[in-house]
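Just below is one structure, and these are the notes that go with it.
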Amino acid sequence: NRLEFTLSADGKQIKAELSNTTTVMEFILLGFSDIPNLQWILFGIFLLIYLTILMCNSIIILITRIDPALQTPMYFFLSNFSFLEICYVTVTIPRMLMDLCMQKRNISLFACATQMYFVLMLGGTECLLLTVMAYDRYVAICHPLHYCLLMNHRVCTKLVAGSWISGIPVIIVHTYQIFSLPFCGSNRINHFFCDLPPILKLACGNTFVTEIAVYVVAVVFLMIPFLLILVYYGKIICNIMKLSSVRGRTKAFSTCSSHLIVVVLFYGTATITYLQPKPHQADGMGKLISLFYTIFIPTLNPIIYTLRNKDIMM
Numbered sequence: 043n044r045l046e047f048t049l050s051a052d053g054k055q056i057k058a059e060l061s062n063t064t065t066v067m068e069f070i071l072l073g074f075s076d077i078p079n080l081q082w083i084l085f086g087i088f089l090l091i092y093l094t095i096l097m098c099n100s101i102i103i104l105i106t107r108i109d110p111a112l113q114t115p116m117y118f119f120l121s122n123f124s125f126l127e128i129c130y131v132t133v134t135i136p137r138m139l140m141d142l143c144m145q146k147r148n149i150s151l152f153a154c155a156t157q158m159y160f161v162l163m164l165g166g167t168e169c170l171l172l173t174v175m176a177y178d179r180y181v182a183i184c185h186p187l188h189y190c191l192l193m194n195h196r197v198c199t200k201l202v203a204g205s206w207i208s209g210i211p212v213i214i215v216h217t218y219q220i221f222s223l224p225f226c227g228s229n230r231i232n233h234f235f236c237d238l239p240p241i242l243k244l245a246c247g248n249t250f251v252t253e254i255a256v257y258v259v260a261v262v263f264l265m266i267p268f269l270l271i272l273v274y275y276g277k278i279i280c281n282i283m284k285l286s287s288v289r290g291r292t293k294a295f296s297t298c299s300s301h302l303i304v305v306v307l308f309y310g311t312a313t314i315t316y317l318q319p320k321p322h323q324a325d326g327m328g329k330l331i332s333l334f335y336t337i338f339i340p341t342l343n344p345i346i347y348t349l350r351n352k353d354i355m356m
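Every number in the working numbering is 42 more than the matching position in the sequence shown, counting from 1.
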């Protein structure tokens, strides 16, 4: 929106333009404001879920560190995965709990960018760590005689460090690119955290290049790791089917089933969200999917891993 006017000075026309475009300096997270009667009920539910996630994952980390029988690569990766889940939910749930308590839901551009960075970075780390855990199961089942050599402590440490570090520079550049876009319209985010699709919806101008970048990053951190996991599990299943013992096949499948369930749940919902940077689905559906992979799956993960794992249950 621009305001034009002319002035006359010494017989000459002077034309001037003033712009009344306002640049967005902060956002408002609408969260669950559309159901005001349930604010305190939701606060209690999400607080209980958050405390449950913290407690269960902390117990897994503690057990895998102090029990000598669990000093193996599989449980080393599991403890790192549990720590990752704690970090992942801590980025979103505390802010959501605060918004449920307070009427003012303002969040600055910097705080919003920081939250999005950590959500994307930790999500990318989870994709890579799930791939590493699939590789560990592949080596254990398909190359059992070389397992100790291929998956020694040094290799495991490098794989975990690579999972945590490799996405950092990419996500920094990606987040900077998104928040370099002009936001000059509405500042109301119909979501409970600064997620990528609802932020892109508020951007002004042409976002084509940014959307292409979103697809590229999604392919690198979602599809490529997922394809690797499929390859590993394809080889695992072929190897298991060659076993003559029914008991041996059952035991081999049981060591992989927990991880496979987590992979399907996480990748299914994350793919729907991030391979559609400007989804045509309703905002409520996008919120529900995000709620599932950011909160409910981290709640289920400790249950899935512990109930199906005799070593931890003992």
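Glycine is no exception: its CB is placed at the ideal position from the N, C-alpha and C atoms.
Residue burial classification, residue i (beta-carbon count within 10 angstroms, cutoff 16)
i	result
Asp-178	buried
Thr-63	Low local confidence applies: a pLDDT of 47 at Thr-63 is under 50, so the model's placement there is unreliable, with the coordinate-based value given in what follows. The residue in question, Thr-63, is exposed, as its Cβ has fewer than 16 Cβ neighbours within 10 Å.
Asn-343	buried
Arg-196	exposed
Asn-122	buried
Phe-69	buried
Tyr-218	exposed
Gly-86	exposed
Inter-residue CB distance, residue i and residue j (contact presumed, cutoff 8 Å)
i	j	result
Tyr-335	Leu-264	Going by Cβ atoms, the distance from Tyr-335 to Leu-264 rounds to 12 Å, so no, they are not a contact pair.
Leu-272	Ala-245	Going by Cβ atoms, the distance from Leu-272 to Ala-245 rounds to 34 Å, so no, they are not a contact pair.
His-301	Ala-176	7 Å
Ile-149	Leu-71	6 Å
Ser-124	Ile-91	Contact doesn't hold; Cβ gap of about 16 Å is too wide.
Ile-346	Ile-303	5 Å
As assigned by DSSP and simplified to three states, the class of residue i
i	result
Ile-254	helix
Arg-291	helix
Asn-232	coil
Ser-150	strand
Phe-74	coil
Phe-225	coil
Thr-63	Per-residue confidence for Thr-63 stands at a pLDDT of 47, beneath the threshold of 50, marking its modelled position as unreliable; no derived number is given.
Straight-line gap, residue i to residue j (C-alpha atoms, nearest Å)
i	j	result
Pro-110	Gly-290	25 Å
Glu-168	Tyr-257	18 Å
Cys-184	Leu-104	30 Å
Asn-99	Val-181	26 Å
Tyr-275	Val-261	20 Å
Leu-242	Thr-249	8 Å
Leu-112	Phe-118	8 Å
For the stretch 273 to 291 against the stretch 134 to 143, are there 3 or more C-beta pairs whose distance is under 8 Å? no
How about the stretch 152 to 162 and the stretch 224 to 236: do they share at least three Cβ pairs that are nearer than 8 Å? Counting Cβ pairs under 8 Å, three or more are found: they touch.
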